[in-house]
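Letter by letter, the sequence shown follows residues 1 to 253 in UniProt numbering.
Glycine included, C-beta positions come from ideal geometry on N, C-alpha and C.
None of these values were measured; they are calculated from a predicted model.
Accompanying notes for the structure given below.
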Amino acid sequence: MNEEEVLVEEDKEEEEEEEEEEEEEEEEEERVEIDEVEIINVVRSAPPVIKTSRTEVRTEVREMPTETKMDTRYFGELLAEVYRKNCDIHSCISEHVSKIRGQKHHLDPSNDYKVEKEEVEALLPKGASELTRQQIRYLLQTRLTADKSMRLLLSTFSSLREELIHMTEDMMRLESEKEGLERDLSFKSDQARQYDSRWRPSETTTDSYRYSDPPPLSLKETSFTQRSLESQLMTTKSSDSSRDFKLKEMEAG
């Protein structure tokens, strides 16, 4: 073989080597691209991150207190006690009213009791137990007794108001009469003094004139009238004081 052929073969070998290297580089580039694409696909297709929170629900079972039921017998006794107290209050009011007015609001208590009993029995529900009927009976009787007490007090206050009005009018009339009597008494006293000054003996009068007959009868009449007016004035003052005392006693009562 000559040198030219050797050179040609070497060139061919070099070209083949270069081609192989280029092919290897291309394969590597393709592999790198494939790997990148796979990585991108893996990243894209990765499942989303799900955040889960854990909450605990605690259920507490509380024991409810059992409701205590009222004893029906105790409730009935309590109603009976309230009814008795109400009756005592009504009796006390009636007693004091009778002292003030001289008579009670109801003249026939037995008749009132019969009417109240009929009213109460008519209002009781039918078909209820005897215990329930008795409790309702106590309540109705208590209401009727309270109503009687209220009417008794209102009637008493109304009558007292009328009596006070009449007594006030009487006081005004007596006051005017008292002023008239005082004026008459003052006038009569002035007349008596004037008449006495006329008939009084002077110092220059003789003894015979000094021991003369008594004054005329008109002077005695004047003195008697004066004493009568004074007596009437004292009577008027006594009547006023007694009425004042009665008014204070009624206000205190």
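Check: Just to confirm my understanding: we take Gln135, look at its own chain, exclude 5 residues before and 5 after, and list those with CB closer than 7 Å. What are they?; Outcome: Phe75, Gly76 and Leu79
Check: Quick one: what's got a C-beta closer than 8 Å to Asp184's C-beta in the same chain, skipping five residues either side?; Outcome: Leu229
Check: Of all the options Ser197, Tyr138, Glu182 and Arg198, which has the alpha carbon lying nearest to the alpha carbon of Gln226?; Outcome: Glu182
Check: Could you please give the first and the last residue of the uninterrupted alpha helix (DSSP H) stretch that includes Glu76?; Outcome: First, the amino acid is wrong: residue 76 is Gly here, not Glu. Thr72 to Arg101 is the span of the alpha helix (DSSP H), which, as asked, contains Gly76.
Check: Is DSSP giving Ser231 helix, strand or coil here?; Outcome: helix
Check: Report whether the distance from the Cβ of Glu28 to the nearest heavy atom of the ligand GDP is below 7 Å.; Outcome: With respect to small molecules bound, the structure shown includes none, and the ligand GDP cannot be examined in it.
Check: How long is the line joining the alpha carbons of Leu123 and Glu81, rounded to whole angstroms?; Outcome: 21 Å
Check: Does the segment 147-158 come close enough to the segment 171-178 that 3 or more CB-CB pairs lie under 8 Å?; Outcome: no
Check: Can you tell me whether Asp115 is buried or exposed, with buried defined as 16 or more other CB within 10 angstroms of its CB?; Outcome: Note that residue 115 is Val in the sequence shown, not Asp. By the 10 Å Cβ count, Val115 comes out exposed.
Check: From this set, Thr72, Val97, Thr142 and Glu15, which residue's C-alpha is nearest Leu152's C-alpha?; Outcome: Val97
Check: How about Thr156 and Ile100: are their beta carbons less than 8 Å apart?; Outcome: yes
Check: So, helix, strand or coil for Ala128, using DSSP?; Outcome: coil
Check: Determine the direct distance from the alpha carbon of Gly180 to that of Ser159, and round the result to whole angstroms.; Outcome: 32 Å
Check: Quick test of your reading: Thr236 and Lys188, contact by CB under 8 Å. State the CB separation rounded to the nearest angstrom.; Outcome: Not confirmed; about 16 Å, so no contact.
Check: For Gln194, does the count of other Cβ atoms within 10 angstroms reach 16, so buried, or fall short, so exposed?; Outcome: exposed
Check: According to the Cβ coordinates, are Thr72 and Leu131 closer than 8 Å?; Outcome: yes
Check: Whole angstroms are fine: how far does the CA of Pro125 sit from the CA of Arg133?; Outcome: 7 Å
Check: Contact check, Asn86 vs Thr168 under 8 Å by CB: the rounded distance?; Outcome: So it is not a contact: roughly 36 Å between Cβ atoms.
Check: In whole angstroms, give me the CA-to-CA distance for Arg84 and Leu233.; Outcome: 54 Å
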